[in-house]
Amino acid sequence: MTKISTFNINGIKARTPRLLEWLDETAPDIVCLQEVKSQDKDFPKDMFEKAGYGVIFHGQKSFNGVAILAKGQEPKEIQRGLEGEPEDEQARYLEAEILDKSGNALRVASIYLPNGNPLPGPKFDYKLRWMQRLRNRAQILLNEEIPAILCGDYNVIPRDEDVFSVSAMASDALMQPESRAAYRQYLGDGWSDAFVTKYPAGGVWTYWDYQAGAWPRDNGFRIDHFLLSPIAADRLEHAAVDKEHRGREKASDHAPLWVQLRD
DNA sequence: ATGGCCTCGCACCGAGGA
């Protein structure tokens with residue numbers, strides 16, 4: 001069994017103790033990180049190597065930033081960034097090849113999809129364009145017929161069952177019909193949402209706002225997702241959120257989540 | 001009472017987040 005986790009850490013400098021503690025306690029084989037908020041020259045590569053992980057990263061000063069960790073091996077970088085807008089410098093996509101426990105190749109991408117607020121406006125337009133650019137890349141991966149995992153912070157609440165209050169979020173970019181339609185296109189193309197497979201009734205959250213007592217009230221929503229190619233989906237054994245980690249001191253506003261695939 | 005926060009940086013406020 002190979003365990004793949006994704007975690008929007010909201011700043012690696014502020015999260016270092018929580019992140020190392022979580023790696024030690026939950027022992028994922030592969031990790032995708034988002035919102036690293038660090039330039040490549042400041043990325044704490046040594047820290048992860050000391051913890052037993054090879055790591056690649058695509059950073060940017062202050063904002064965004066994605067990374068991929070693999071226990072006991074160096075992820076082989078396949079692609080950083082998405083095609084289609086050469087002037088786009090936001091660090092939101094990183095793709096690697098990593099071996100599972102049986103030595104078979106998995107393709108893994110760490111995704112930090114644009115938030116899109118406020119709406120309407122250029123940020124929402126950028127979100128929708130970025131979703132199409134991701135779709136173009138994802139279709140290429142489907143055509144390769146390989147086990148592929150696209151995971152991370154999609155900034156999309158796919159269904160009404162994925163939010164504590166539909167009315168509270170109705171005007172947010174995360175829940176617009178256009179955002180949901182673009183997400184559904186991935187599913188229509190052949191990707192499957194691992195947490196819908198395992199928890200079809202919903203009510204599983206991955207994010208709780210720092211404000212308005214969202215965590216103590218359990219006012220959360222599901223915006224971090226695992227999309228699995230058909231060959232990866234056939235191997236899905238477990239999926240869960242490490243919810244307890246959201247409640248710790250100096251936690252990220254996202255909880256980590258993971259899948260286990262049969263080797 | 002969705003209102004309360006958090007992170008980063010040429011920093012002690014402003015921008016961005018969701």
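In terms of UniProt numbering, the first sequence opens at residue 1 and continues consecutively.
The beta carbon of each residue, even a glycine, is placed where N, CA and C say it ideally should be.
Since this is a predicted model, take the numbers as computed values, not measurements.
Asked, Found
"Could you check if Tyr-112 is buried or exposed, using at least 16 other CB atoms within 10 Å of its CB as the buried criterion?", "buried"
"Of all the beta strand (DSSP E) runs that stay within the bounds of the region 86-140, which reach a length of 3 or more residues?", "93-99, 105-112"
"Can you check whether the CB of Pro-230 is closer than 9 Å to the CB of Leu-142?", "yes"
"Sorted by chain position, which residues of the same chain lie with C-beta nearer than 7 Å to Ala-251's C-beta, five sequence neighbours on each side aside?", "Arg-18, His-245"
"By the three-class DSSP mapping on this structure, what secondary structure does Val-166 have?", "helix"
"Run the CB neighbour count on Ser-171, radius 10 Å, all protein chains shown included, and call it buried at 16 or more, exposed below.", "exposed"
"Please work out which residues of its chain come closer than 7 Å, Cβ to Cβ, to Lys-71, disregarding the five sequence neighbours upstream and downstream, and give them in chain order.", "Asp-29, Gly-52, Tyr-53"
"Can you look up Thr-206 in the DSSP assignment and give me helix, strand or coil?", "coil"
"Could you tell me the alpha carbon to alpha carbon distance between Asp-40 and Tyr-183, rounded to whole angstroms?", "30 Å"
"Any idea what DSSP makes of Lys-71, helix, strand or coil?", "strand"
"My assumption, with CB atoms under 8 Å, is that Gln-211 sits in contact with Glu-237. Please give the rounded CB distance.", "Between Glu-237 and Gln-211 the Cβ distance is about 36 Å, and since that is not below 8 Å, they are no contact."
"How long is the line joining the alpha carbons of Gln-73 and Arg-180, rounded to whole angstroms?", "36 Å"
"What's the gap between the Cα of Cys-151 and the Cα of Gln-60?", "20 Å"
"Alpha carbon to alpha carbon, how far is Phe-164 from Asp-100? Give it in angstroms, no decimals.", "35 Å"
"In terms of residues, what are the limits of the alpha helix (DSSP H) holding Val-196?", "194-198"
"Would you mind sorting Pro-147 into buried or exposed? The rule is 16 or more other CB atoms within 10 Å of its CB.", "buried"
"Buried or exposed for Met-131, going by 16 or more other Cβ atoms inside 10 Å?", "buried"
"How many angstroms separate the CA atom of Ile-12 from the CA atom of Asn-155?", "19 Å"
"Give the list of continuous beta strand (DSSP E) stretches no shorter than 3 residues that lie fully inside the region 4-44.", "30-34"
"Can you tell me where the alpha helix (DSSP H) with Gln-185 in it begins and where it stops?", "177-189"
"Relative to the C-alpha of Ala-240, which residue among Lys-198, Gly-65, Leu-227, Ile-157 is closest?", "Lys-198"
"Counting C-beta neighbours from all protein chains within 10 Å, is the total for Glu-83 16 or more, i.e. buried, or is it exposed?", "exposed"
"Taking the beta strand (DSSP E) that Ala-148 falls in, what are its first and last residues?", "148-153"
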